[in-house]
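Trainee:
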Amino acid sequence: MNWTDGLGVRLVVDTVGGETFCKSFAATRLYGRVVTLLSTACDISHTNIARLRNPSIGYVQMTAPLYFGLHLARIAQTRILERGTKLFEQGILKIHVGRSLPLEDAAEAHRLIEAGHTTGK
């Protein structure tokens, strides 16, 4: 909220789920958008915050077009991914790696993610 002068962000993309998804409503501006890749459930306090902000909430499942046999939707997804690849190649999209850990430290990596001490992928 400090970064947006108290307005909140226009878009939240949740790739963590659970409590992170539920807390994202407090960071979303009025009529903002929250998109998640995961199944989530929130307690009533988070739901009430969401109701006050009137967000659009999207549950994204990339395999849905394949599951439902929607060929045109699969083509549209392919175009989106191809566009992203071009933006990456042009240096417009960048990958940020916050930290690398060896496989034997997987438990520590999970602890850091769950505690919210990570950035990037």
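First residue of the sequence shown? That's -6 in this note's numbering, and the numbers climb one at a time after it.
Every residue gets a Cβ at the ideal spot worked out from N, C-alpha and C, and that includes glycine.
With a threshold of 8 Å, are at least 3 pairs of Cβ atoms found where one atom belongs to the region 0 to 18 and the other to the region 29 to 39?
Mentor: The region 0 to 18, when compared against the region 29 to 39, does touch it at the 8 Å Cβ threshold.
Trainee: Quick one, which of A69, A108, T111, A19 has its alpha-carbon nearest L59's?
Mentor: For L59, the nearest C-alpha among the options comes from A69.
Trainee: If I measure Cβ to Cβ from I50 and keep anything under 6 Å in the same chain, skipping five residues before and after, which residues do I get?
Mentor: Around I50: V27.
Trainee: Just how far apart, CA to CA, sit T111 and G91?
Mentor: Approximately 7 Å between the Cα atoms of the pair.
Trainee: DSSP on S38, reduced to helix/strand/coil?
Mentor: Helix at S38.
Trainee: Identify every run of the beta strand (DSSP E) within the region -2 to 46, keeping only runs that are complete inside it and at least 3 residues long; order them along the chain.
Mentor: Counting only runs of 3 or more, we get 2 to 7, 21 to 29.
Trainee: Report buried or exposed for F61, applying the criterion of at least 16 other Cβ atoms within 10 angstroms of its Cβ.
Mentor: With fewer than 16 other Cβ atoms within 10 Å, it is exposed.
Trainee: For A19, which residues from the same chain have a beta carbon less than 7 Å from its beta carbon, with the 5 sequence-adjacent residues on both sides left out?
Mentor: For A19, where only same-chain residues beyond five positions count, the Cβ hits under 7 Å are I42.
Trainee: Rounded to whole angstroms, what is the Cα-Cα separation between T56 and L23?
Mentor: Roughly 30 Å separates the two Cα atoms.
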